[in-house]
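To keep things clear, I will list the structure first and then write my remarks on it.
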């Protein structure tokens, strides 16, 4: 049902916007290691989709399969209405016939050409006229903020400038899809933050479907309309940044996206689906907490409770808890002042928890305080899945 | 979690083996497949079949009637051949020891101590590497033959009772070979020194080790794989070396395996199958040693010393630095300056008697060599033709196979790499015997084409290495980016790959040009009247006409060194590894 919508959307958007991409049943083994394990997803036209995961999760292999740089062992890939790869049908379009743009991790700015020759290359190999190319190169370069750089040798650009040139080259031929392979990982932290905004602005302006591979969850959350979290060649979860951060569907996602405190627990009272449930901490049998179940859990079941460091609060005085709040006694183990936050490590019975507090707090090692944790922020997932 | 479009759901069971294979093939460019086949066929004809022929003939009697082990048995039974083996091992061992000592000492003096002059010596020390060793041998006969040698005259003038040096001896052969092999050790070890993180030594010093303790426990052990690798390479090279023992050993009736091989294939009665058996024996020995050498390089050198070049920390050795300077000067004097000086004065003297008389100097010898001596005129023509055509073919082939090995995803590319590396392991003289026997009796035998074939077979791997080093330095994302940007396979090769590896290709061409110009060993096995090269002409001239020979040598050295100058100007220093 979702695909129908995509195709309708595509019909109206063709030309100015990008095409949808659909990937089905992709498999790829390297030696004995499965890089892609029956991977299926689709990418909405005109949107940015991020493939996010640790190194070796298969995200880059998936991207290279879309580009036609890698041949999967099995599966099918469609760009728009064209089947570009289909192992069962014996179809394999070479990369140059797929009408793509790609920004490589190293940028791959050809050092023996000028900036203009680099950017104009996709038009040149498509057989466009020289004067056409020149005009479009100038236009595209000003779009990425490098107007007037056309005649400069490409070998002498800064990292940020190389990035812009790579971007200009990827969009100049108005491809149906742009692929990004960790495009920001070679930049320093400040420049990276700035380029995120620029990338986003530019993508909104040209509106080309984008597939973005990264291992940096902050980057993915900042840029992507939709995130696909991958692990071991499979999809763990997909959704927008907020839902993935707030509602992790698995232990892996909770652990990989941001920092989480994980507590082993046993269900005390069965829950209805996605309701507030009381659990007992495995390491501290006398402590029970109220938390929110993501699935149906029955009494006595082992599970894990995840809570984000920034969802936790400390107070010195015992206050009356709201219905769904947990108030727990903790001891401060260590603090780190980081300017915009204070990171605190506290002991809760036999467990340790990490907190991120606002920087005005003054805490000392050994302080005994009350930890306040809203049941809504504490998410229960089926445990022992390791 | 994910919705899949309905058309894709039926997929997994229906795929057939044929469509899978078809997709594999279309994934490799068809052009790559054709190039692969081309390189394979050329390797087969130029290397594999000639060597296979050697193996076959080595098990046959001279009349080709029966298969027999007689040839191998004779090698051990015949006292003359046994002598040859012992002599070869003696020369190889002696040269390895002396050249490793010279090379390590020179590298240490230049890159690890404060001895002055590194910038000049780093170039001068490498000159012998590029000049033909047989010319060095000829030059040293002018310097150190018993009766007419300039050095012997000098020591007698200084009060010695008689000649001290005799270049026509095993010691003489070892000496000259060492002068020419030491630069290889020097290159290996100095590059190891340069790639060694100085903080490793500094850490030893901070931990309390003294200067020499640091050198013994850190510096040398770290450079040891490089030293051993160079030593093994030299041992193998010398085992198969032919030219220097030919020039210096024959007059002393001192025969090694390669000179016996030459006698066997050029003197009546010709014994090709006996020669083949000796070749096979040498190939096996060389192959085993080189396998060990490769293991050594791969095991340690690359792990501890890859990456960028560091600025080496230099040790202040006080007054020792003048000793270091003197040592290096003596080396350059022996390997470069004295030989060229001897060749120059001899070539300018009307008749060489071992006495320098500047007032009689004349260019008559040059005139004779260039205009009156037919063989040299032919040789120059042939050599230039062979060098240009051979370097071009070798570079094209080397570039193609480097691309296939390091850039394509062709199945079998590792096999191609191994196959093309074979001729690196086989001494030139032996490959030449194989090529000669293979084409014996065909119209090709005795033509320039057979020389061309042998040169291309022998030197293409060097071109491949030179191009590969450029190719490896160029990220594969450059090509991939071009493909995604819409370029075809050929468009990508033409617009992106070739321009980026141009320096490596140019260096490869010049390198091959030099190697072909200075080549003697293979030519001697393959030339016939009319297909002489300059080297062969010099060899033919050598007996009885020292002045004209010297003039021809100078001409050859000038040609080679001017190409070297171009090579150095066009490529980075560390790409010059042969």
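Protein chains in written order, with my numbering: chain A, 1488 to 1873; chain B, 2 to 579. No residue lacks a Cβ here, since even glycine has one placed at the ideal position from N, Cα and C. Note that this is a predicted model, so its numbers are computed, not measured.
Asked: Beta-carbon proximity of residue 1728 of chain A to residue 1711 of chain A, cut-off 8 Å; Found: yes
Asked: Cβ-based burial, residue 535 of chain B [other Cβ within 10 Å; buried from 16]; Found: buried
Asked: Neighbourhood of residue 1606 of chain A by C-beta, 8 Å cutoff - its chain only, sequence neighbours within 5 removed; Found: 1624, 1627, 1628, 1637, 1652, 1655, 1656 and 1659
Asked: Cutoff 8 Å: residue 474 of chain B Cβ touching any chain A Cβ; Found: no
Asked: 8 Å contact criterion, which residue 401 of chain B and residue 40 of chain B should meet: CB distance rounded; Found: 6 Å
Asked: Beta-carbon proximity list for residue 339 of chain B, same chain, < 7 Å, skipping 5 on both sides; Found: 144
Asked: DSSP bridge partner residues for residue 229 of chain B (one or two, in chain order); Found: Paired residue(s): none; residue 229 of chain B is not in a bridge.
Asked: Listed by chain order, chain B residues near residue 1582 of chain A by CB distance under 8 Å; Found: 481, 484 and 485
Asked: DSSP-derived helix/strand/coil call for residue 1613 of chain A; Found: coil
Asked: Whole-angstrom C-beta distance between residue 1559 of chain A and residue 1519 of chain A, which should lie under 8 Å; Found: Rounded, the Cβ-Cβ distance is 17 Å, inconsistent with contact.
Asked: Strand pairing of residue 1673 of chain A, partner residues [DSSP]; Found: None; residue 1673 of chain A has no bridge partner.
Asked: Collapsed DSSP secondary structure at residue 359 of chain B in the structure displayed; Found: helix
Asked: Buried versus exposed, by CB contacts within 10 Å (16 or more), residue 35 of chain B; Found: exposed
Asked: Complete runs of the alpha helix (DSSP H) confined to the stretch 1534-1590 of chain A [at least 4 residues]; Found: 1546-1554
Asked: Whole-Å CB distance - residue 383 of chain B paired with residue 533 of chain B, under 8 Å assumed; Found: 6 Å
Asked: Nearest-angstrom Cα separation, counted from residue 54 of chain B out to residue 435 of chain B; Found: 7 Å
Asked: Three-way DSSP call (helix, strand, coil) for residue 543 of chain B in this model; Found: helix
Asked: CB contact check: residue 1532 of chain A to chain B, cutoff 8 Å; Found: no
Asked: Cβ of residue 575 of chain B within 8 Å of any chain A Cβ; Found: Because the pLDDT at residue 575 of chain B is just 44, under 50, the model does not fix this residue reliably, and the value given afterwards should be weighed accordingly. No, no contact with chain A.
Asked: Neighbour-count burial assignment, residue 302 of chain B, 16 or more Cβ in a 10 Å radius; Found: Because the pLDDT of residue 302 of chain B is 44, which lies under 50, any placement of that residue in the model is unreliable, and the number read from its coordinates should be weighed accordingly. The residue in question, residue 302 of chain B, is buried, as its Cβ has 16 or more Cβ neighbours within 10 Å.
Asked: Residues near residue 48 of chain B in its chain [Cβ-Cβ closer than 7 Å; skip 5 each side]; Found: 423, 424 and 458
Asked: Same chain, Cβ closer than 8 Å to residue 490 of chain B, neighbours up to 5 away in sequence not counted; Found: 30, 32, 33 and 484
Asked: Interface residues of chain A facing residue 501 of chain B [CB-CB closer than 9 Å]; Found: 1597, 1598 and 1599
Asked: The stretch 549-568 of chain B / the stretch 405-414 of chain B touching (three or more Cβ pairs under 8 Å); Found: no
Asked: C-beta neighbour in chain B for residue 1740 of chain A, strict 8 Å; Found: no
Asked: CB contact below 8 Å: residue 489 of chain B versus chain A; Found: yes
Asked: Residue 304 of chain B to residue 161 of chain B span [Cα, whole Å]; Found: Confidence at residue 304 of chain B is low in this model, with a pLDDT of 39, below 50, so its placement is unreliable and the value that follows should be read with caution. Their backbone Cα atoms lie some 54 Å apart in a straight line.
Asked: Cβ pair count under 8 Å reaching 3, the stretch 96-106 of chain B against the stretch 501-513 of chain B; Found: no
Asked: Which of helix, strand or coil DSSP assigns to residue 1722 of chain A; Found: strand
Asked: Supposed contact pair residue 1506 of chain A and residue 1603 of chain A - C-beta distance, whole angstroms, cut 8 Å; Found: About 28 Å separates the two Cβ atoms, so there is no contact after all.
Asked: Between the CA atoms of residue 1609 of chain A and residue 447 of chain B - distance to the nearest angstrom; Found: 53 Å
Asked: Proximity test, Cβ basis, 8 Å: residue 1608 of chain A and chain B; Found: yes
Asked: Neighbour-count burial assignment, residue 570 of chain B, 16 or more Cβ in a 10 Å radius; Found: exposed
Asked: Where residue 1701 of chain A sits in the DSSP three-state scheme; Found: strand
Asked: Residue burial classification, residue 1713 of chain A (beta-carbon count within 10 angstroms, cutoff 16); Found: buried
Asked: Per-residue DSSP class, three states only, for residue 4 of chain B; Found: Legend: pLDDT at residue 4 of chain B = 40, less than 50; position of this residue unreliable, no value from coordinates given.
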